[in-house]
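Chains as they are written, first to last, in this note's numbering: chain W, 1 to 316; chain H, 1001 to 1243.
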Amino acid sequence: MIGEPIRVRLRERTPRLWTLWAASRPSQLALILLVYALGVGMATAGPPVVVDGADVGSTSFRLSALAGALAVLPVAVAIHYANEYADIETDALTERTPFSSGSGALEATGLSAGFLRRATVGVTVVSGCGVVLAAATLPLDAVGVLVAILLAGLGYSLPPVALIRRGLGEFVNAVLGGLLLPLYGVTVVATPTGIAGLAVVPFVLVVGCNLFATHWPDREADAAVGKRTLVVRWSPRGIRRAYAVLGLGAVAVTTGLWAAAAVPTAVGVATLASLSILVWGWTTLTRQRDPSPSVVAMVVLAVASTVAWWWVGLGP
Amino acid sequence: MSDPASDVGDGTSAPDPVAAARGLLERVRRQELPTDPLRTLADASHGSLESVREDRHHGLAFWLNVYNAAAQLLLEARPELFDSRWRFFRVPSITVAGAELSLDDIEHGVLRGRRSKYGLGYLPRLSTAGLPKAYRLEPDPRIHFALNCGAASCPAVLAYEPDTIDETLDRATKNYLDRTVTYDAERNRVQLPRVCLWFVGDFGGRSGLRSFLRAFEQIPPGASPSLRFRSYDWTRASRKFAT
């Protein structure tokens, strides 16, 4: 690989900076911004997802959307740092995949755990300041959702709650990334209705499927350090069954929402087409270490539904 | 000359659905009760709609009048629906030959020959309009300057007759383009209404769109400017009839 020597050189010359970069998980930050854009796009499509349609052409819309994106980034970085810090033991034991929960940055650089602990505290403080600044420019319900994301995200990894170690991690992660994050995008520019929450349920369920797949290769390392994820607790058969239930649930909810005209046809079609990739995910789940099929399904769904919502909002 | 508002059948012979569509639009314009023409259209047999299927002029005039009348009736009956555009265009708004049709069914299922509203004019429409295939028309880009859904940016509503459909469509198109197109010769740039982007495939792509603009004297012969598209004003503005 061409990038590998550059990466190694950067890691050796500036280990702290490289660790901060790698532990922030840039690819996941990009996905977070995409899901945020999904929420903003939902708001552009107008009722019944939101009370009043967002005026996409206005300066206030653009400023709010930008402020919302800037506010959520440090929150996401703080959550990732906390997760990296909490996953040091797992990272040391597992044979990593590109989608393992930790970046393995500390393991690779030999830096102490204390470095990431301090980074977590620092970025959390920055996030707090960001939330305060956001409160001056964004609607209060958006600030509330952002605070909920920060608290639940930290609680996902860190003691005393450490939800991931109690078998609740998958649920919290799916709700955080699949529900709260797009809803945050909606609330930044408009007032959501209950239908906005329902409209992202298929995405929540697909995030759940994705978590089964990405946790699977880490299950032995997770079990060794006492991290009781669902794939550690359940048999492969049970995991596959749960994955199928979530996938079929996503199809049923999407079909229902479409039939009830709660989501536009473009969104319904984009979602159902993306969900078909879950069949590939299901056939490989627990049979191969690589979780790529499920990751592809989630990312394609995020991209396709974001494009569809924006197209409905900006289109005829 | 007969009054189109009353030309919906006298009860002794089979009413003419094409005349009923024209009469419906006239009654909507005059804010008179549209019950009779609505019933004529709903009860029309496929046999009585033969000219609508077989003759392009009849088809265009019929469906443009039906669409514009149905949109105004829907705006009057359920104005709140317009706040959610995808619902407004999707709900059944009128019955023709027993088929409940939405505005999307008429525009994209029939007038645009079953093309998706989301595909820039290049993708087929997934759902059918509930009418036989024979009703579908080849897309005529001028319909985008004749259909009025009740938004502020929509063109004014005109009445369309089979005999004069091409002239009237040309006039509607020219009027709309004259009001909305800005050609900047210095920058070699032209600003266009948003519908030209949404349905660019109906115009034959970007080059076809430029030819269309030349034909309607919006840009000089031989000019090939870059294209910019204005935003669409979706503010509700019903009853925009041409005077």
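Heads up, the beta-carbon is just placed ideally off N, CA and C, and yes, glycines get one too.
Neighbour flag for residue i against chain H, beta carbons, 8 Å
| i | result |
| --- | --- |
| residue 202 of chain W | no |
| residue 192 of chain W | no |
| residue 130 of chain W | no |
| residue 311 of chain W | yes |
| residue 315 of chain W | yes |
| residue 57 of chain W | yes |
| residue 2 of chain W | Note on residue 2 of chain W: pLDDT 48, under 50, position unreliable in the model; no value is reported. |
| residue 264 of chain W | yes |
| residue 45 of chain W | yes |
| residue 261 of chain W | yes |
| residue 74 of chain W | no |
| residue 48 of chain W | yes |
| residue 186 of chain W | no |
Proximity below 8 Å, CB of residue i to CB of residue j
| i | j | result |
| --- | --- | --- |
| residue 1162 of chain H | residue 1237 of chain H | no |
| residue 1155 of chain H | residue 1172 of chain H | yes |
| residue 280 of chain W | residue 247 of chain W | no |
| residue 216 of chain W | residue 285 of chain W | yes |
| residue 202 of chain W | residue 50 of chain W | no |
| residue 270 of chain W | residue 296 of chain W | no |
| residue 108 of chain W | residue 85 of chain W | no |
| residue 185 of chain W | residue 68 of chain W | yes |
| residue 176 of chain W | residue 153 of chain W | yes |
| residue 1021 of chain H | residue 1158 of chain H | no |
| residue 225 of chain W | residue 89 of chain W | yes |
| residue 183 of chain W | residue 39 of chain W | yes |
| residue 1038 of chain H | residue 1024 of chain H | yes |
| residue 189 of chain W | residue 54 of chain W | yes |
| residue 1228 of chain H | residue 1180 of chain H | no |
| residue 1255 of chain H | residue 1190 of chain H | Limits of chain H in this structure are 1001 at one end and 1243 at the other, which puts residue 1255 of chain H out of reach. |
| residue 78 of chain W | residue 120 of chain W | yes |
| residue 1136 of chain H | residue 1096 of chain H | no |
Exposure of residue i, with buried meaning 16 or more beta-carbon neighbours within 10 Å
| i | result |
| --- | --- |
| residue 1122 of chain H | exposed |
| residue 245 of chain W | exposed |
| residue 1107 of chain H | buried |
| residue 1224 of chain H | exposed |
| residue 1117 of chain H | buried |
| residue 220 of chain W | exposed |
| residue 8 of chain W | exposed |
| residue 1125 of chain H | buried |
| residue 57 of chain W | exposed |
| residue 1219 of chain H | buried |
| residue 1187 of chain H | exposed |
| residue 1114 of chain H | buried |
| residue 291 of chain W | buried |
| residue 1207 of chain H | exposed |
| residue 1149 of chain H | buried |
| residue 6 of chain W | exposed |
| residue 82 of chain W | buried |
| residue 1072 of chain H | buried |
| residue 60 of chain W | exposed |
| residue 27 of chain W | exposed |
| residue 1131 of chain H | buried |
| residue 110 of chain W | exposed |
Residue i: CB within 7 Å of a non-hydrogen atom of the ligand ADP
| i | result |
| --- | --- |
| residue 167 of chain W | Because no ligand of any kind appears in the structure shown, any question about the ligand ADP cannot be addressed here. |
is_contact[residue i, chain W] using C-beta, thresh 8 Å
| i | result |
| --- | --- |
| residue 1198 of chain H | yes |
| residue 1063 of chain H | no |
| residue 1231 of chain H | yes |
| residue 1238 of chain H | no |
Notebook entry, point to check: Of all the residues that make up the stretch 1102-1135 of chain H, which are near chain W by a beta-carbon distance shorter than 8 Å?
Noted result: 1117, 1118, 1126 and 1127
Notebook entry, point to check: Which of the residues in the stretch 1020-1045 of chain H, read from start to end, lie with their CB under 7 Å from any CB of chain W?
Noted result: none
Check: What residues from the stretch 1079-1098 of chain H come within 7 Å of chain W, judged by C-beta to C-beta, listed N to C?
Finding: 1083, 1084, 1085, 1086, 1087 and 1090
Notebook entry, point to check: Relative to chain H, which residues along the stretch 266-292 of chain W have a C-beta separation below 8 Å, given in chain order?
Noted result: 266 and 269
Note to self: Pairs of beta-carbons, one from the stretch 1123-1142 of chain H and one from the stretch 1166-1186 of chain H, closer than 8 Å: are there three or more?
What the structure shows: yes
Notebook entry, point to check: Using 8 Å as the threshold, is the stretch 1067-1086 of chain H in touch with the stretch 17-36 of chain W, meaning 3 or more CB pairs across them?
Noted result: no
Next item on the list: Report yes or no: do the stretch 165-180 of chain W and the stretch 13-22 of chain W share at least 3 C-beta pairs separated by less than 8 Å?
Entry: no
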